[in-house]
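Counted the way the working numbering counts, the sequence shown spans residues 1 to 1080. All C-beta atoms, glycine included, are put in the ideal place defined by N, C-alpha and C. It should be emphasised that the depicted structure is a prediction, and the values quoted were computed from it without experimental measurement.
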Amino acid sequence: MLLKKIARSLGSAAFASLFMAVSALGQVDQGRFVGHVADPQGSAVVNAAISATNLDTNITQTAKTDENGDYVITSVVAGNYTVKVAAQGFEGAVTQRIEVQVAQIVRQDFSLKIGSTSETIEVSTTAPLLSTDSATVGQVITNKQLTELPINGRGFYRLASLTPGAALLPPTGNSLAIRPEVVNGNVISGIRGSATSFLLDGNDVSEQHQGGTFIQTSIDALQEFSVQQSPYSAEYNRGGAFFNATVKSGTNRFHGGLFEFLRNEKFDARNFFSPTRAILKRNQFGASLGGPLFIPKFYSGRDRTFFFVNYEGQRLRNGLVVNMIVPSDAQRSGNFGAKTIRDPRTGLPFTNNTIPTNRLSSPALAIQQYIPRQNTSSGTFAAVPSQAIDFDQYIVRLDHQVTDKNRLFARWVYVTNHEVDPNNAPALGTANLTSIGQDIAVGLITNFGSTMVNEIRSHFLPSHVRLQAFLQGPDFNAKFGITGLSETLRDGKSSFPDYSFSGYSPIQGSTFDQRPKSQDRKAWEISDNFTILKGKQSIKMGTLVRYYQWLGYDSQIYAGSFGFSGSASGDAYADFLLGLPNTGSRAYPAINFGGQVWSKQFYVQDDVRLGRLTLNLGLRYEYTPWLDGYKGQVGTFDPSQSKPIIVSGDGTVPDLTAQPAAPTAYQFFGQYIQTTAQAKLPKNATYTDKTQFGPRIGLAYSLNNKTVIRGGFGMFYEPEGTSGRVNLNTLPFRLSETVAQTQYSVNPRTLSDYYQGSKLGSTTANPTLSPTRLHLNMGTNIHYSLNIQRQFSNHDVLEIGYVGNRGVHLNGTNDINIPAPTTGTASVQSRRPYQPWGNITYNTQDVTNHYDSLQTKYEHRFHGGFSLLAAYTYSKTLQYNQSSALGGNTAYEYALAAYDVPHNLAMSGQYELPFGRGRKMLGNTNGFVDSFIGGWQVQGIVILRSGTPFTPVVSGDVAKTGVGSQRPNLNPAGGSTSFKKSLTKWFDTSRYVVAPTGTYGNVRANTQRSDMLRQYDASIFKNFALPGESILSFRAEFFNVSNTTSFAAPNATIDATAGGQVSATSVNPRSIQLALKYRF
1 MLLKKIARSL
11 GSAAFASLFM
21 AVSALGQVDQ
31 GRFVGHVADP
41 QGSAVVNAAI
51 SATNLDTNIT
61 QTAKTDENGD
71 YVITSVVAGN
81 YTVKVAAQGF
91 EGAVTQRIEV
101 QVAQIVRQDF
111 SLKIGSTSET
121 IEVSTTAPLL
131 STDSATVGQV
141 ITNKQLTELP
151 INGRGFYRLA
161 SLTPGAALLP
171 PTGNSLAIRP
181 EVVNGNVISG
191 IRGSATSFLL
201 DGNDVSEQHQ
211 GGTFIQTSID
221 ALQEFSVQQS
231 PYSAEYNRGG
241 AFFNATVKSG
251 TNRFHGGLFE
261 FLRNEKFDAR
271 NFFSPTRAIL
281 KRNQFGASLG
291 GPLFIPKFYS
301 GRDRTFFFVN
311 YEGQRLRNGL
321 VVNMIVPSDA
331 QRSGNFGAKT
341 IRDPRTGLPF
351 TNNTIPTNRL
361 SSPALAIQQY
371 IPRQNTSSGT
381 FAAVPSQAID
391 FDQYIVRLDH
401 QVTDKNRLFA
411 RWVYVTNHEV
421 DPNNAPALGT
431 ANLTSIGQDI
441 AVGLITNFGS
451 TMVNEIRSHF
461 LPSHVRLQAF
471 LQGPDFNAKF
481 GITGLSETLR
491 DGKSSFPDYS
501 FSGYSPIQGS
511 TFDQRPKSQD
521 RKAWEISDNF
531 TILKGKQSIK
541 MGTLVRYYQW
551 LGYDSQIYAG
561 SFGFSGSASG
571 DAYADFLLGL
581 PNTGSRAYPA
591 INFGGQVWSK
601 QFYVQDDVRL
611 GRLTLNLGLR
621 YEYTPWLDGY
631 KGQVGTFDPS
641 QSKPIIVSGD
651 GTVPDLTAQP
661 AAPTAYQFFG
671 QYIQTTAQAK
681 LPKNATYTDK
691 TQFGPRIGLA
701 YSLNNKTVIR
711 GGFGMFYEPE
721 GTSGRVNLNT
731 LPFRLSETVA
741 QTQYSVNPRT
751 LSDYYQGSKL
761 GSTTANPTLS
771 PTRLHLNMGT
781 NIHYSLNIQR
791 QFSNHDVLEI
801 GYVGNRGVHL
811 NGTNDINIPA
821 PTTGTASVQS
831 RRPYQPWGNI
841 TYNTQDVTNH
851 YDSLQTKYEH
861 RFHGGFSLLA
871 AYTYSKTLQY
881 NQSSALGGNT
891 AYEYALAAYD
901 VPHNLAMSGQ
911 YELPFGRGRK
921 MLGNTNGFVD
931 SFIGGWQVQG
941 IVILRSGTPF
951 TPVVSGDVAK
961 TGVGSQRPNL
971 NPAGGSTSFK
981 KSLTKWFDTS
991 RYVVAPTGTY
1001 GNVRANTQRS
1011 DMLRQYDASI
1021 FKNFALPGES
1031 ILSFRAEFFN
1041 VSNTTSFAAP
1051 NATIDATAGG
1061 QVSATSVNPR
1071 SIQLALKYRF
């Protein structure tokens, strides 16, 4: 069945691309030589023979000049080349050691002299600095930069921050979600991190479910790495920003190395908020080997077959800085001092703002034993619990020149990661996370003469992740005296429930619910590539077929979740002690859910050379339907129908074996459920957008040999998805409910009996829904740019320009079942517009963003012992989306995006110190002394960036809508005239006031900004020459060398005791790393 689907997909793709296919990712990791050959009078030399020979493998690629004297050599692997030209009646010419970087177009023109072809003139050249044949905006990180710059953690993706328009934001939210190594923190020119593509050897290794990638490749295994933020070729798919890396290949000489990087807390500074220096034991080690494949007496692969293998391991024992905002000892006993605490029964303050002992909730006092006590003068709990990570990565690559016209490659990457992560609250112990990722890729490139090239590629990307949550054991709710949750247990076991308090740090069985879970994901792609060179045109047409499968088990909030807002008494922790939550959630655990999807993509690209002008014209089409759910577990919600819940199914009843909750849910709510067959909808309950055409236009115009103007426009479609596709939180497959309350004076819901005897799934319950939209519009990024490059010398180039992006139909969520604000006492549930449902959180495509920027870059290529790369971006990112915190009051939701970074300066440099033999200082020293003082180099990275925005909120449910994180009003009287920013008051909370009861606040999103980020990293190293052309390198790296503290966002709750208080940093304190590397 699978083979038939593949055959049908490939057949339709081939027909749609007019029988000529080019991979959607084909050649995106490879470069091209282009050029013009002229005689002494400047006339074209026709039929000149061009050859480009890889200096490492001795493999030669050839071309002929056309009637205009132009030539193109495609599918050029990154490396160093010798380019020769020979033409009848002219002396030959050769250019030595031209470097081709990943995905780079290199122009090499020749002006030939009349003479004998037996004579050859060497043409001096330097690496090209100008991009004269492409409008793509981006930055190549060379192998020298990769291996020598100080990279904290040795994750090469971090160097993306050196690119104009790129901001690698500090990690936020859940650190224990089942996730790839790089998650949504890479914002490139306004394009959200979830839409960024990660390419390895031209294959897309992005994690489609939530962005990022599992394939973290060793720096020592990479040839080069580039960041492309405006690739206007139709070859590129996804969101429009790309991390493009290539693995090294073997050469005609055996080469390799060993390395060990060591970090220890004895070398490090103490975190600003930590009482002690955090534990750190980190060893990163590995080896690599490459060369010609050689089997004694059987086979010699010189000039033909090459291998490369790499291993890297990491063993980390790391202290994580915890700084929780927790109640004082007096507050734990019910005494809140000067803060007014109301009696919910009467509305009057408690005497001395102290809750009587007989009013303290027994379950709350039992839970309180797990909440840590204050241990700092600032009223927080600070600790440095230890995290353990064991990481291993293996790479094997083979390259084989089958014939002069056929080249084959195969590559396998295998990554394993095991973590033991501590909870912020020591009493909750640790969680275990295990992940395995692989990528298996093959490709065949075939040349049909000098004007046609075909490339077929395929790769398989499976991954597996398992999380064992914190503190699993007996029924904690029964232990605490909380009822209504026992039926949600799985196998009779429970995790610690979740408790959150506005203005205080939460205590949770995990930072991502209590979710023991596992997930298995598989992606498979096949693509074919055909290129035609015809006169001034380079034409490509192509297709890609991708299959993605996602299956897993997720316990959801099966141990229960309770939120306390301060609505009852005026303080969230006082509400907790009184046993009065404002929200409670419960759900059945979910098993064996997920889905699959087939995607088909086609494009045509025409690069036209018109003298000094190069036009890049392309069109891409992508067809990606909605996910087919495992056992039909997808659905939508249509309130206009008598049976509004529509789920996948061929008959009249959905598959009730899909989940344990399904029979119970269908028993009570079947009268509201119909199948897609009954509703006459597509089986996956969503209409697919079939209009995903992406035009691409680029131009590059050479004003002269030193100046190039480049611009472009392109539409890119985000991989939908999967965050919106795989929630599957729809009856009858997911049975969950969230109950909110707003009145506490008469018979309120209490912590001990919040669900008041009702069982989950009974007719008195109000399930929550998370349906998908009936009509799917794919997230679209419309990208455009105009810039100018100016070369000042053979080593210096300046680039300045405008880059903009408009994101439309981006993925988001919106709760359509929020009641209108009120001053009355009717319950939240009774006022919801759609009954009998609780929250109905649609996965929507309603988010838009708007990015404009001035981007500048200055680059001094390594020369005279020095290199410098400096990038500055001035930008603004606005975003519009509906917010539950405003009840859909969209007038206040066009505001700064949470990832807006107006000022961003990134610099890196490398400098060879002028000491030792043959250098400016102490140049005549003897060899023994030179071995100590000569050959030292220093490197550095400086990043200065504006802080990110955040939104002030209030603690209670002021509007009485059951929605948290509501906004305040601006204070008509203004703020304090004597306000001075401090760590206890980062922003003036007096500028805001709690909105009147029954109303939403009028403050826009993201009106405050956190501390700027300041990062100064440096390293120093020396190479020691050893016999046999081998080298031993010693290096010392200093991360945050100045030990400068950059603070994270403060507590944004204006009416909380700790409102405005900063309790964490965004950059780690100074850390030192020592390393030895041996290379041969």
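Cβ distance (whole Å) where residue i is taken to contact residue j below 8 Å
i: residue 393; j: residue 415; result: 5 Å
i: residue 103; j: residue 226; result: 6 Å
i: residue 1063; j: residue 325; result: 6 Å
i: residue 699; j: residue 798; result: So it is not a contact: roughly 20 Å between Cβ atoms.
Local conformation of residue i per DSSP, three classes
i: residue 282; result: strand
i: residue 384; result: coil
i: residue 971; result: coil
i: residue 422; result: strand
i: residue 680; result: coil
i: residue 478; result: helix
i: residue 1074; result: strand
i: residue 781; result: strand
i: residue 171; result: A caution first: residue 171 carries a pLDDT of 49, below 50, which makes its placement in the model unreliable, though a value can still be read off. The answer is coil: DSSP assigns residue 171 none of H, G, I, E or B.
i: residue 111; result: strand
i: residue 343; result: coil
i: residue 810; result: strand
i: residue 1107; result: Given that the chain is displayed from residue 1 to residue 1080, the structure contains no residue 1107 and the question cannot be resolved.
i: residue 956; result: coil
i: residue 723; result: Below a pLDDT of 50, predicted positions are generally treated as unreliable, and residue 723, at 45, falls in that range; the measurement from the model is reported next regardless. Residue state, collapsed to three classes: helix.
i: residue 766; result: coil
Element boundaries [alpha helix (DSSP H), containing residue i]
i: residue 97; result: First-last for residue 97: 92-100, but that is the beta strand (DSSP E), not the alpha helix (DSSP H).
i: residue 669; result: 662-669
i: residue 1055; result: Segment: none, residue 1055 is in no alpha helix (DSSP H) and carries neither H nor E.
i: residue 575; result: 572-578
i: residue 627; result: Careful: residue 627 lies outside any alpha helix (DSSP H) and carries neither H nor E.
i: residue 932; result: 927-933
i: residue 1048; result: Residue 1048 -> no alpha helix (DSSP H), and no H or E assigned at all.
i: residue 330; result: 329-332
Exposed unless 16 or more other CB atoms sit within 10 angstroms - verdict on residue i
i: residue 190; result: buried
i: residue 1039; result: buried
i: residue 690; result: exposed
i: residue 84; result: buried
i: residue 1073; result: buried
i: residue 666; result: buried
i: residue 145; result: buried
i: residue 312; result: buried
i: residue 980; result: exposed
i: residue 778; result: buried
i: residue 182; result: With a pLDDT of 47 at residue 182, under the threshold of 50, the predicted position of this residue should be treated as unreliable, though the coordinate-derived value follows. With 16 or more Cβ atoms within 10 Å of its Cβ, residue 182 is classed as buried.
N- and C-terminal bounds of the beta strand (DSSP E) containing residue i
i: residue 695; result: 693-704
i: residue 635; result: 635-637
i: residue 144; result: Taken as a continuous stretch (DSSP letters only), residue 144 belongs to no beta strand (DSSP E), being part of the alpha helix (DSSP H) at 143-148.
i: residue 363; result: Unbroken run through residue 363 is the alpha helix (DSSP H), 362-368; no beta strand (DSSP E).
i: residue 1025; result: 1013-1026
i: residue 857; result: 841-863
i: residue 81; result: 79-86
heavy atom of the ligand SAH below 7 Å from residue i C-beta
i: residue 335; result: Here there are no bound small molecules, and the ligand SAH is not part of this structure.
Cutoff 8 Å: residue i Cβ touching any chain D Cβ
i: residue 244; result: In the structure shown, chain D cannot be found, because there is only a single protein chain.
*Considering only residues of the region 519-570, which uninterrupted beta strand (DSSP E) runs meet the minimum length of 3 residues and lie entirely inside it, listed in chain order?*
537-554 and 561-564
*Scan the region 36-75 and note each continuous beta strand (DSSP E) run of 3 residues or more that stays entirely inside, going in chain order.*
Here the runs fully enclosed are 49-54 and 60-64.
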